[in-house]
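Okay, so the sequence shown: first residue is 28 according to this note's numbering, each after it adds one.
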Amino acid sequence: MSARHFDRYEEMLGEIYCLTFVRDIDETEALLRMGGLKDTMRPRTTADAREEMRSYDAGYPAIALALSLGEWTVIIEPDGFHGSDGQLLKAVSRGTEALSVLRHDYAEDHFSFSEDGTVRTSFTGGSAAFRWGTELDRFLPQMRAAGVDLDADDDRDPLMHPHVAALRLVGQIIGTLPDLPDGPIPSAHIEPWFTAAEPPAVYRPRQEGLADALDAAPAALRRPIIVREVRRLAELLDVAHLPDVAEALSAAELGRKVDVPADSDLGCRIRGWLVDARRARDSRNDPAEQHRMTEDDRSRAMRLWGLTVALRGALWWDSRGAAYEALRPITTDLPWADGASRCAMILRELRDR
28 MSARHFDRYE EMLGEIYCLT FVRDIDETEA LLRMGGLKDT MRPRTTADAR EEMRSYDAGY
88 PAIALALSLG EWTVIIEPDG FHGSDGQLLK AVSRGTEALS VLRHDYAEDH FSFSEDGTVR
148 TSFTGGSAAF RWGTELDRFL PQMRAAGVDL DADDDRDPLM HPHVAALRLV GQIIGTLPDL
208 PDGPIPSAHI EPWFTAAEPP AVYRPRQEGL ADALDAAPAA LRRPIIVREV RRLAELLDVA
268 HLPDVAEALS AAELGRKVDV PADSDLGCRI RGWLVDARRA RDSRNDPAEQ HRMTEDDRSR
328 AMRLWGLTVA LRGALWWDSR GAAYEALRPI TTDLPWADGA SRCAMILREL RDR
């Protein structure tokens with residue numbers, strides 16, 4: 028990676044950005060795999076995208092831009108990070124290959140390569156000494172050529188930003204790095220809720236015994252419990268009676284696969300809830316827009332966001348991560364969800380059967 032690339036990326040994308048490279052996929056398909064919303068697709072410059080992402084009226088959206096590099100397409104997320112999510116990258120890579128590089132000056136940089144839904148090699152920070160995946164040494168020669176640190180003692184150049192070596196590694200793998208254009212390129216608001224990414228198993232319930240009981244329970248037992256609890260949350264928020272919500276939960280309860288297109292009735296409703304939640308969160312740090320939501324509005328928006336998390340888990344119900352997601356408003360002790368008593372009841376129910 029040349030200094031020109033680094034300076035250009037920093038100038039146009041800032042201190043947080045993610046570049047996701049997908050092989051043999053065009054710009055539109057790449058955006059869709061990342062959760063691109065069709066009705067928001069249009070050419071934008073990176074400056075346009077960053078301005079729109081800071082807009083209350085636009086809903087503070089996450090925006091990604093797509094640029095063809097020939098055999099590969101790169102998805103560019105200014106101030107974004109979704110491509111670094113392991114589950115999403117696995118979904119993006121189905122039937123092909125995908126790799127991502129995250130620069131995040133306030134968290135950890137990240138590199139990951141996935142092939143046909145399987146993570147082959149990943150590492151965080153500036154060192155690949157501790158990496159995971161099914162083929163840890165697949166790119167070992169390229170790592171060495173790119174100057175990726177392979178030593179746990181971490182004696183790399185302290186003046187070199189940690190993600191520079193990861194970007195050099197991308198160049199070694201795909202043969203090029205993108206020159207970011209000033210002009211508009213294909214782009215879209217992205218919403219990972221609507222992707223094929225399986226919910227991650229990272230929100231493991233911390234209540235004693237509950238996670239183990241959920242893991243051990245057969246899907247046929249776990250499913251009605253999960254759907255019942257999500258329906259109860261929807262009732263608390265007075266949305267369980269809505270036909271699209273009720274139909275989706277009833278189908279999940281019967282073990283049916285439930286697809287929710289972003290332009291369906293339920294998809295549009297969920298998108299609205301997600302926009303309201305972003306406004307509730309991000310407008311707190313936007314002095315010009317803080318007055319546009321009351322505290323009651325913020326509270327309800329964040330509760331409905333919790334419901335979107337739970338609902339996505341319920342519609343996936345047959346995986347461990349989905350079960351954790353469906354119960355997250357309960358297991359994280361949100362006061363409105365009456366978590367403590369519900370967790371105790373679910374644990375008894377799982378053990379008694």
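No residue lacks a Cβ here, since even glycine has one placed at the ideal position from N, Cα and C.
Exposure of Leu186, with buried meaning 16 or more beta-carbon neighbours within 10 Å: Residue confidence for Leu186 is low, a pLDDT of 45 falling below 50, so the modelled location carries little weight; the figure read from the coordinates is stated next. It counts as exposed.
field: DSSP bridge partner residues for Ala91 (one or two, in chain order)
entry: DSSP, once it has assigned bridges, lists Ala215 as partnering Ala91.
- prompt: Based on the DSSP secondary-structure assignment, which residues constitute the bridge partners of Thr148?
  reply: Its beta-bridge partners are Phe140.
field: Close Cβ partners of Phe108 (< 6 Å) along its chain, the five nearest in sequence each way excluded
entry: Cβ neighbours of Phe108 within its own chain (closer than 6 Å, five residues either side excluded): Cys45, Leu129.
task: Select from Ala172, Pro362, Met39, Tyr230 the residue whose C-alpha is nearest the C-alpha of Leu260.
output: For the residues Ala172, Pro362, Met39, Tyr230, the minimum Cα distance to Leu260 belongs to Pro362.
field: Contact check, Glu38 vs Gln114, beta carbons under 7 Å
entry: In terms of Cβ geometry, Glu38 and Gln114 do not form a close pair [threshold 7 Å].
- prompt: Alpha carbon to alpha carbon, how far is Glu262 from Asp303?
  reply: Distance between Glu262 and Asp303, taken at the CA atoms: about 19 Å.
- prompt: Distance, Cα to Cα, Asp365 vs Gly348?
  reply: Each residue's CA atom was taken as its position, placing Asp365 and Gly348 some 21 Å apart.
- prompt: When you compare each of Arg233, Asp265, Ala279, Thr72 to Arg249 by their alpha carbons, which one comes out closest?
  reply: Distances from the CA of Arg249 to each of Arg233, Asp265, Ala279, Thr72 were compared; the closest alpha carbon is that of Ala279.
query: To the nearest angstrom, how far is it from the Cα of Glu142 to the Cα of Ser95?
result: If you take the alpha carbons of Glu142 and Ser95, they lie about 19 Å apart.
query: Using a Cβ-Cβ cut-off of 7 Å (strictly less than) and excluding sequence neighbours within five positions of Ser120, which residues of its own chain qualify?
result: The beta carbon of Ser120 lies closer than 7 Å to those of Ser141, Glu142, Asp143, Gly144 in the same chain, with the five residues before and after it left out.
- prompt: Using 8 Å as the threshold, is the region 237 to 257 in touch with the region 352 to 362, meaning 3 or more CB pairs across them?
  reply: For the pair of segments examined, the region 237 to 257 was found to touch the region 352 to 362: the number of CB pairs separated by less than 8 Å reaches three.
field: Run of the beta strand (DSSP E) containing Val197, from where it starts to where it stops
entry: No beta strand (DSSP E) contains Val197, which is instead part of the alpha helix (DSSP H) from 189 to 201.
query: Considering only residues of the same chain and omitting the five flanking positions on each side of Gly122, which have a CB-CB separation below 8 Å?
result: Contacts found: Asp143.
field: Rounded straight-line distance, which links the Cα of Leu338 to that of Gly282
entry: Each residue's alpha carbon lies about 14 Å from the other.
query: Nearest-angstrom Cα distance between Ala193 and Val175?
result: If I take the Cα positions, the gap works out to 7 Å.
message: Judging by CA-CA distance, which residue of Pro189, Ala85, Arg158, Leu126 is the nearest neighbour of Ala134?
response: Measuring from the Cα of Ala134, the nearest candidate turns out to be Pro189.
- prompt: What three-state label does DSSP hand Thr100 in the structure shown?
  reply: Strand, per DSSP.
task: Take every Cβ of the region 281 to 299, pair it with every Cβ of the region 201 to 210, and state whether three or more of those distances are shorter than 8 Å.
output: With fewer than three CB-CB distances shorter than 8 Å, the region 281 to 299 does not count as touching the region 201 to 210.
Through-space distance from Ile201 to Thr148, alpha-carbon basis: So the alpha carbons of these two residues sit roughly 15 Å apart.
query: According to DSSP, is Pro185 helix, strand or coil?
result: Model confidence at Pro185 stands at a pLDDT of 49, short of 50, so the residue's coordinates are unreliable; what they give is reported in the following sentence. Pro185: coil per DSSP, three-state reduction.
Limits of the alpha helix (DSSP H) - the one that Pro251 falls within: Judged by DSSP secondary structure, Pro251 falls within the alpha helix (DSSP H) whose first and last residues are 246 to 263.
Beta-bridge partners of Cys295, as assigned by DSSP: Under DSSP, Cys295 forms no beta bridge with any residue.
Cutoff 6 Å; reference Asp309; Cβ partners in own chain excluding five residues on either side: The residues are Tyr87.
field: Sequence-distant residues of its chain with Cβ nearer than 6 Å to Gly340 (five each side left out)
entry: Excluding residues up to 5 positions away in sequence, Pro226, Ala349, Glu352, Ala353 lie with their Cβ nearer than 6 Å to the Cβ of Gly340 in the same chain.
task: Report the partner residues of Ile357 according to the DSSP bridge assignment.
output: According to DSSP, Ile357 bridges with nothing at all.
query: Excluding five sequence neighbours on each side, which residues of the same chain lie with their C-beta closer than 6 Å to the C-beta of Thr151?
result: Taken in chain order, the residues that qualify are Glu135, His137.
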